[in-house]
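See structure below.
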Amino acid sequence: MDRDEENYYGKHGEPRKFDPKFRGPIHNRHCTDIICCVIFIVVILGYIALGVVAWVHGDPRKVIYPTDSYGQFCGQRDTPNENKTILFYFNILKCASPAVLINLQCPTTQLCVSKCPDRFATYIDVQASYRYRPDQWNYFKQFCKPGFNNPRKSVAQVLRDEDCPSMIIPSRPFLKRCFPDFSTKNGVLTVANQTTFKDGRGKTRNVTDLREAANGINNVLDARSVGMKIFEDYAISWYWILIGLFIAMLLSLLFLVLLRFTAGVLFWIFIFGVIGIIGYGIWHCYWEYDHLKGIPGSDLTVYDIGFQTDFKVYLQLRQTWLAFMIILCGVEVIIILMLIFLRNRIRIAIALLKEGSRAIGYIMSTLFYPIVTFLLIAICISYWAVTAVFLATSGEPVYKVMANQTLCKYANLTCDPETFNTTNVTKLCPGAQCTFAFYGGESLYHKYIFIFQLANAFVFLWLVNFAIALGQCTLAGAFASYYWAYRKPADIPLWPLFSSFGRAIRYHTGSLAFGALILAIVQLIRVILEYLDHKLKGTQNSFTRFLLCCLKCCFWCLEKFLKFINRNAYIMIAIYGKNFCTSAKEAFFLLMRNVVRVAVLDKVTDFLLFLGKILVAGGVGVLAFFFFTQRIPVFAQEVPMLNYYWVPLLTVIIGSYLVAHGFFSVYAMCVDTLFLCFCEDLERNDGSTAKPYFMSASLHRILGKKKLSPKKA
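So that you can map any letter, position 596 of the sequence shown is 662 in my numbering, and since no number is skipped, the others follow by simple counting.
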């Protein structure tokens, strides 16, 4: 009894249990994994409640508007800062980097202003010229604290109390903050075409002293101008991009239809091409090996010359080419032996691919189901992002002591701006101020914001995995309806996709949620490990790095394995309507009984679908390249004038690949479903009149089986 025939019988040779009434996906079902379904619904309700609480406490204005040293928003309506939309830093030299300016708090006074400075000026010069140049003071005082108008106050006291900045430099707004107006002139860094400036403390400094505080600002600002040009390109070429994506959709559909006729041809052309290339490699290695014969030094071994940084040295050795030739010969022999011994299973895999193309042809609505999955995932992402922003902005303003003296013991301690002037901090630390630091809080809610963010991420992962599971189960049910139709397409039920979707939602929400929960837990652990790895970088020892690396690798493998098991479990749920654990167990053992077929089918399917994605993305990309570079005379006048032609070109190529991936993911699910149904068909039936096969005639011919009788004891 060969391997295929063994699958008709049980472990001890007895015929497997046959249900004469079985005709594909069971319609008389019952709800599965009810407890998990209830928990899932409760979690969703709790997730909604979390969003409401975050919405009540959060304030996205803290992200949208910059905040000055007094905790007030710049540019907020109905406030004194309504017309002051930009944040100005008194002394930008105190800021270590743009990251500090944007994300953290720079240790200098920050004010909301209506516009950034457009000239160099110092408080010393302005005070000295106040009597005969009052216009300079009127301009300078708009960058001082609100209400300050005493140019006669001594410079030392002004700088100590930080009533005004010691200097202003030409700046321009970026991210609603004033940054130095850097430019490069003949390779020299300048600000407003000057290389030096007065720091307001009696020193003349070079513009390069601002480099650390504004490191990378030039590149970011240049990127902003590039971003504007890219936006313009999208604005005038969006409809051509949509046309390109529509062409990609048509090519994807055409490729899926042609797979019915070309799957075998494409696969064998590739296989024989690989054999031919390896054969040429063997010949070339032999030619190099023979050509080096007699050349001085070519008979040395790799061990003799040791390690060399110039790898060309190794190519002068006969031993190197001999090793290459032996390796290629081994690969060639393995491929040929695999083709000889697995030829029948490869033919089955190709036949299933063709059958998948035929099934999609009968149930075309399945090709557009990924749009439903995309919308569900988009909703999940949007809700998660909004909730995360509201949670992150739920805190109250926290003020800290900012002191000019480095030895002030009160520096960075929390303070109350309303009572700060009555404390002795200003006496012990002259010039110290109570300024806004960040948003936080000491209440119970604020203490658990991190836990809420973690819960937000976990439920997000759960919902996303549930949306994917729902799509897989729905498609599996539709394609199973096709396979188990005895007369195709006459026996295919009406609206198989909608019927399958209804069964999945009505009966198997709990099972799908259970599978998604397991996957979400593993993914959350992976996220935490990545977070720990990022936080501990530079401080961890070798053992910690090794342990984290092993854990990340293990959980990555576990996630891949669970995705494989879940996918096949959902197929069994769609067919038989059993709970998740039972379906996962039956799917796993069914696949293990056909492990070679699984491996062959996966590789053949992966190759053909990858080839299809490359053909679609590459074909549309070449067409888009010729179009946007005006190399198609017929459409030369229709091409929009672009700043960068690669902007719509890359968008079309990436979009085409994603479109093809969406269509081919349906095809991959179809092939996986048909394969499991095929394995079930082999184990349930024997091709007799009483137990006929449901497989197509082509698969039946490949098996070479006619009628099998149950094995006698």
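Glycine included, every Cβ here is placed at the ideal spot set by N, Cα and C.
Based on DSSP bridge pairs, tell me the residues matched to residue i.
i    : result
Q138 : Per DSSP, none; premise fails for Q138.
V179 : I152
K466 : T480, T501
F263 : R271
A50  : Outside the displayed span of the chain (67 to 779) sits residue 50, for which this structure offers no information.
V257 : F248, Q260
T133 : F139
Mark residue i as exposed unless 16 or more other C-beta atoms lie within 10 angstroms of its C-beta, in which case mark it buried.
i    : result
W349 : exposed
Y552 : exposed
R569 : buried
L560 : exposed
R199 : exposed
W550 : buried
Y465 : buried
M795 : What the structure shows of the chain is the stretch from 67 to 779, and residue 795 is not part of that stretch, so it cannot be assessed.
E749 : buried
S608 : exposed
L510 : exposed
R226 : exposed
A702 : exposed
I426 : buried
V308 : Val is not the amino acid found at residue 308; the sequence shown has Leu there. Exposed.
R663 : buried
H96  : exposed
C619 : exposed
N215 : exposed
Y759 : buried
R243 : buried
DSSP state of residue i, grouped into three classes?
i    : result
Y243 : The displayed chain sequence assigns Arg, not Tyr, to residue 243. In this structure, R243 counts as strand in the three-state DSSP scheme.
I719 : helix
L541 : helix
P164 : Unreliable placement is indicated for P164, whose pLDDT of 42 sits below 50; no coordinate value is reported for it.
D738 : helix
A556 : coil
L602 : coil
Y74  : Only weak support exists for where Y74 lies, its pLDDT of 36 falling under 50; the value from the coordinates is given anyway. Here Y74 sits in coil by DSSP.
M315 : helix
A756 : coil
K378 : helix
W349 : helix
N147 : coil
V713 : helix
K420 : helix
T781 : No statement about residue 781 is possible, as the shown extent of the chain runs from 67 to 779 and does not include it.
R69  : Note that R69 scores a pLDDT of 39, beneath 50, so its modelled location is shaky and nothing firm can be said.
N751 : coil
F362 : According to the sequence as given, residue 362 is Pro; it is not Phe. Residue state, collapsed to three classes: coil.
F788 : Outside the displayed span of the chain (67 to 779) sits residue 788, for which this structure offers no information.
Alpha helix (DSSP H) containing residue i: first to last residue?
i    : result
R663 : 661-694
H512 : 510-513
D227 : 221-227
P436 : 435-458
F407 : 384-407
A820 : Outside the displayed range of the chain (67 to 779) lies residue 820, so it cannot be described from this structure.
A653 : 646-658
D201 : 200-206
H96  : It is not in any alpha helix (DSSP H) - H96 carries neither H nor E in the DSSP assignment.
T492 : 491-494
Span of the beta strand (DSSP E) holding residue i?
i    : result
F630 : Segment 608-642 is the alpha helix (DSSP H) holding F630; no beta strand (DSSP E) there.
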